[in-house]
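> In the numbering used here, the protein residues as written are 1 to 305.
Don't be surprised by glycine CBs; every beta carbon is placed ideally from N, CA and C.
Predicted model only: the values in this text are computed from it and were never measured.
Structure incoming, see below.
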């Protein structure tokens with residue numbers, strides 16, 4: 001029995017910021033897995049990528065992570081172009097990979113199945129529902145809201161939300177994704193909407209403004225921690241969720257889990273590439289750094305967290 005099993009594609013990422021252009025592996029499954037490499041947790045990754053990119057899986061295994069790599073003709077290839085403050089990005093996609101289905105999935109038992117679809121057809125609703133019969137489903141909603149037109153990644157509402165969301169225990173959406181799936185501009189109203197559709201624990205991340213968690217009729221306000229520098233926001237949302245779910249399986253409260261995830265995301269944004277710290281370095285942030293405050297300012301661009 002695993003504590004956490006993540007299911008999602010590893011990507012090839014081109015990351016464009018005001019300071020540099022870098023090529024690196026990416027995707028929810030990559031950043032989430034790398035974030036937990038030095039944590040005491042029984043963890044499993046299920047991914048799919050082309051044979052020529054199997055070396056990426058080898059590097060993850062070298063970190064001591066248990067990986068099942070399913071075959072795919074292509075590996076997902078994303079181009080991420082960030083704004084100067086790294087809170088917002090636009091995306092292009094050049095290749096897509098094989099989807100995850102009930103058929104072909106390895107037999108895995110876990111307390112929490114964390115699903116990280118990157119595009120709308122990555123993970124079937126049938127598989128999501130099947131996993132919910134075995135453990136808790138945690139979902140990063142982003143991929144179910146994305147489709148590709150002329151290589152551009154665009155957003156639209158999830159047609160299967162009424163069927164799927166009653167089977168989701170924990171859902172993470174950023175501010176823009178929340179608006180797309182709920183039609184609400186206020187994060188608190190959006191969180192309530194998703195809870196009414198059956199989600200037990202709704203996390204709305206607000207980039208540098210922090211996050212909120214809505215569960216059992218109560219809101220928990222999670223502050224952002226001030227970074228020493230803003231270098232690369234790619235994977236911050238995945239890092240947040242790695243910290244959040246790690247603390248959840250250890251029995252922490254919602255507030256404790258949210259603040260731990262926020263501190264991990266702060267450390268991640270200070271450097272390029274995935275989070276490389278330990279639980280101890282995260283605790284240092286919680287103890288020593290000044291927290292930011294949530295703001296009500298609304299923007300029309302896309303939050304990356």
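From 263, 147, 218, pick the residue whose C-alpha is nearest to that of residue 122; which is it?
Taking only the C-alpha atoms, the option nearest residue 122 is 147.
> Got a sec? Which residues, its chain only, sit under 8 Å from residue 124 by beta carbon, not counting five neighbours each side?
So the list reads 99, 100, 101, 102, once near-sequence residues are dropped.
> Please work out which residues of its chain come closer than 7 Å, Cβ to Cβ, to residue 275, disregarding the five sequence neighbours upstream and downstream, and give them in chain order.
Closer than 7 Å at the Cβ level, and outside the excluded window around residue 275, lie 34, 35, 239, 264, 267, 268.
> My parser needs the beta strand (DSSP E) runs of 3 or more residues fully inside the segment 72-111; what are they?
For the segment 72-111, whole beta strand (DSSP E) runs of length 3 or above, ordered along the chain, are 76-82, 89-95.
> Got a sec? Which residues, its chain only, sit under 6 Å from residue 232 by beta carbon, not counting five neighbours each side?
Taken in chain order, the residues that qualify are 272.
> What are the residues that DSSP puts in a beta bridge with residue 25?
Answer is 12.
> Exposed or buried, residue 142, counting other C-beta atoms within 10 Å across all chains shown (16 or more means buried)?
By the neighbour-count rule (16 or more Cβ atoms within 10 Å), residue 142 is buried.
> Residue 253 to residue 62, Cα distance in whole Å?
Going by the C-alpha atoms only, they are around 32 Å apart.
> Give me the Cα-Cα distance between residue 226 and residue 207, rounded to the nearest whole angstrom.
Using only the alpha carbons, I get a separation of about 11 Å.
> Jot down the residue ranges of each uninterrupted alpha helix (DSSP H) in the segment 122-162, minimum 4 residues, whole runs only, in chain order.
Fully enclosed alpha helix (DSSP H) runs of 4 or longer: 125-132.
> Skipping 5 residues on each side, what residues in its chain have a beta carbon closer than 6 Å to that of residue 304?
Any reading at residue 304 must be qualified, since the residue scores a pLDDT of 43, below 50, and its modelled position is unreliable; the value itself is stated next. Contacts found: 89, 233.
> Would you call the segment 23-32 in contact with the segment 103-116, where contact means no fewer than 3 C-beta pairs closer than 8 Å?
In short, these stretches touch, since the Cβ pair count reaches three.
> Let me know the secondary structure DSSP gives residue 216 once reduced to three states.
It is coil, neither helix nor strand.
> If you drop the 5 nearest sequence neighbours on each side, which residues of the same chain put their C-beta closer than 6 Å to that of residue 172?
Excluding sequence neighbours, residue 172 sits near 140, 203, 241.
> Contact defined as beta carbons within less than 8 Å: I believe residue 237 pairs with residue 174. What is the distance between those atoms, to the nearest angstrom?
Right, their Cβ atoms sit about 7 Å apart.
> Kindly give me the distance between the Cβ atoms of residue 9 and residue 49, rounded to whole angstroms, as I take these residues to be in contact under 8 Å.
Their Cβ separation, rounded to whole angstroms, is 7 Å, which keeps residue 9 and residue 49 in contact under 8 Å.
> Report the rounded CA-to-CA distance for residue 127 versus residue 280, giving the unit in angstroms.
Rounded to whole angstroms, residue 127 to residue 280 spans 36 Å at the Cα level.
> Cβ of residue 201 within 8 Å of Cβ of residue 170?
Cβ distance < 8 Å, so residue 201 and residue 170 count as in contact.
> Tell me the rounded alpha-carbon separation between residue 16 and residue 78.
Spanning the two alpha carbons is a distance of roughly 11 Å.
> At 4 residues or longer, what runs of the alpha helix (DSSP H) sit wholly inside the segment 162-240?
Whole alpha helix (DSSP H) segments, 4+ residues: 175-182, 187-196.
> What is the rounded straight-line gap between the Cα of residue 251 and the Cα of residue 5?
Approximately 17 Å, taken between the alpha carbons.
> Which residue or residues does DSSP assign as beta-bridge partners of residue 66?
Note: residue 66 sits in a beta bridge opposite 44.
> Based on the DSSP secondary-structure assignment, which residues constitute the bridge partners of residue 49?
Answer by DSSP bridge pairing, in chain order: 71.
> Between residue 235 and residue 244, is the Cβ-Cβ spacing less than 8 Å?
In this structure, residue 244 does not lie closer than 8 Å to residue 235 by Cβ.
> How long is the line joining the alpha carbons of residue 162 and residue 214, rounded to whole angstroms?
Cα to Cα, residue 162 sits roughly 19 Å from residue 214.
> Flag this pair as yes or no: are the beta carbons of residue 151 and residue 92 separated by less than 8 Å?
Going by C-beta atoms, residue 151 is nearer than 8 Å to residue 92.
> Select from 179, 166, 222, 185 the residue whose C-alpha is nearest the C-alpha of residue 209.
The shortest C-alpha separation from residue 209 is found at 222.
> Determine, using beta carbons only, whether residue 134 and residue 109 come nearer to each other than 8 Å.
Contact flag set, yes.
> Drop a sphere of 10 angstroms on the beta-carbon of residue 13, count the other beta-carbons inside from all chains shown, and report buried for 16 or more, exposed for fewer.
Per the 10 Å Cβ criterion, buried.
> What does the alpha-carbon distance come out to for the pair residue 32 and residue 83?
The straight-line gap from Cα to Cα measures roughly 23 Å.
> Out of 278, 158, 75, 74, point me to the one whose CA is closest to residue 179's CA.
Closest option to residue 179, Cα to Cα, is 158.
> Please name the residue, chosen from 284, 22, 7, 248, that lies closest to residue 41 on a Cα-to-Cα basis.
When each option's Cα is compared against that of residue 41, the closest is 248.
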